[in-house]
Amino acid sequence: MTLIDSLLENIAEPFYAITLVIALWRYPNYYNTYLKYFPILIAYTLLNEVLGFLISSYPDLFNISINKFYTKNNILLYNIYDIIYFLYFLYIYKLYLKKKILKIVTTTVIILFCCISLLNIFYQDIQLESHVLTHSFGCFFLILITLVYLNQIDWHQNKKDPTKNFLFWLSWGLLLFHAGFLPIRLSYYFRIIQNQESYIWIRRLHLFLIPLMYCCFIIGFIKMRRKLIKE
Numbered sequence: 416m417t418l419i420d421s422l423l424e425n426i427a428e429p430f431y432a433i434t435l436v437i438a439l440w441r442y443p444n445y446y447n448t449y450l451k452y453f454p455i456l457i458a459y460t461l462l463n464e465v466l467g468f469l470i471s472s473y474p475d476l477f478n479i480s481i482n483k484f485y486t487k488n489n490i491l492l493y494n495i496y497d498i499i500y501f502l503y504f505l506y507i508y509k510l511y512l513k514k515k516i517l518k519i520v521t522t523t524v525i526i527l528f529c530c531i532s533l534l535n536i537f538y539q540d541i542q543l544e545s546h547v548l549t550h551s552f553g554c555f556f557l558i559l560i561t562l563v564y565l566n567q568i569d570w571h572q573n574k575k576d577p578t579k580n581f582l583f584w585l586s587w588g589l590l591l592f593h594a595g596f597l598p599i600r601l602s603y604y605f606r607i608i609q610n611q612e613s614y615i616w617i618r619r620l621h622l623f624l625i626p627l628m629y630c631c632f633i634i635g636f637i638k639m640r641r642k643l644i645k646e
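The numbering used here numbers the first residue of the sequence shown as 416 and each following residue consecutively.
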């Protein structure tokens, strides 16, 4: 493993922690908006990663399953995380989208996502198998919704600089990460990549997308105007 690979493999958790600290620092700017629970999601992400590492590395000390067959398997954590993660962001964008028809469409997407997540539990073991259908559906529609939100920004008539709106940077971070990660996740699941060298480069891209997304979040928090308007 090269120095770059070692760095990429261990860089996500520090970015989660740094983003959480900055999110709490800027919390007075958005505590009364729809994003007031966002720091909790970041903290949950960090906790999930740490717990996932502990379960896979120290299964005798950290085991969340009652069945020994699932020992050292942390997939359950990530399957549950995906559901909470996508439901949170889909709901947030539903609140911030301006047109009524878009709000209705997003509500329909949320209902469909819940149904797909439930169905996925019945035909795939939630403790053993990665729920790629749930993730792919949530990822695809989150990409579309972030594009719709960015498209509704009027750069010419908006007197306030959109780049000082945290939602602008949140949307770009989510868009860049999920647009890049969705095909990677599918290639992992269907084992499309057979060449070891290609897999290494895809893995590097995957790991690079995480700090890229959180850099967008950090920039958004730092550039955030004095108060985020509750739309």
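By construction, the Cβ of each residue, glycine as well, lies at the ideal position given by its N, Cα and C atoms.
Taking 7 Å as the limit between beta carbons, can you name the residues of its chain near residue i, skipping five residues before and five after?
{"i": "I481", "result": "Confidence in I481 is poor, its pLDDT being 47 and thus under 50, which makes the residue's placement too unreliable to answer from."}
{"i": "H621", "result": "F596, I599"}
{"i": "I457", "result": "Y431, T434, L435, A438"}
{"i": "K513", "result": "Q567"}
{"i": "V563", "result": "L512, L517"}
{"i": "Y614", "result": "I608"}
Closer than 6 Å by C-beta to residue i: which residues in its own chain qualify, once you throw out the five before and the five after it? Chain order, please.
{"i": "A594", "result": "I558"}
{"i": "F484", "result": "Because F484 sits at a pLDDT of 44, beneath the cut-off of 50, its placement in the model cannot be relied upon, and the following sentence gives the value as read from the coordinates. Excluding positions up to five away in sequence, the list is empty."}
{"i": "V547", "result": "Y604"}
In terms of residue numbering, what span does the alpha helix (DSSP H) encompassing residue i cover?
{"i": "T521", "result": "515-538"}
{"i": "H626", "result": "Per the sequence presented here, residue 626 reads as Pro, with His not at that position. Segment 611-638, the alpha helix (DSSP H) holding P626."}
{"i": "E544", "result": "Counting along the chain, E544 falls outside any alpha helix (DSSP H), and DSSP gives it neither H nor E."}
{"i": "I599", "result": "581-604"}
{"i": "Y431", "result": "427-440"}
{"i": "Y449", "result": "That residue, Y449, is in no alpha helix (DSSP H); it is neither H nor E in DSSP."}
{"i": "D497", "result": "490-511"}
{"i": "D420", "result": "418-424"}
Closer than 8 Å by C-beta to residue i: which residues in its own chain qualify, once you throw out the five before and the five after it? Chain order, please.
{"i": "I419", "result": "R619"}
Could you check if residue i belongs to the surroundings of the ligand FAD, using beta carbon to heavy atom distance under 8 Å?
{"i": "L461", "result": "Among the ligands in the structure shown, none appear at all, so the ligand FAD cannot be discussed."}
Touch test, the segment 610-626 against the segment 573-587, Cβ-Cβ under 8 Å, three pairs minimum: no
Is the segment 578-594 in contact with the segment 521-535, if contact means three or more CB pairs nearer than 8 Å? no
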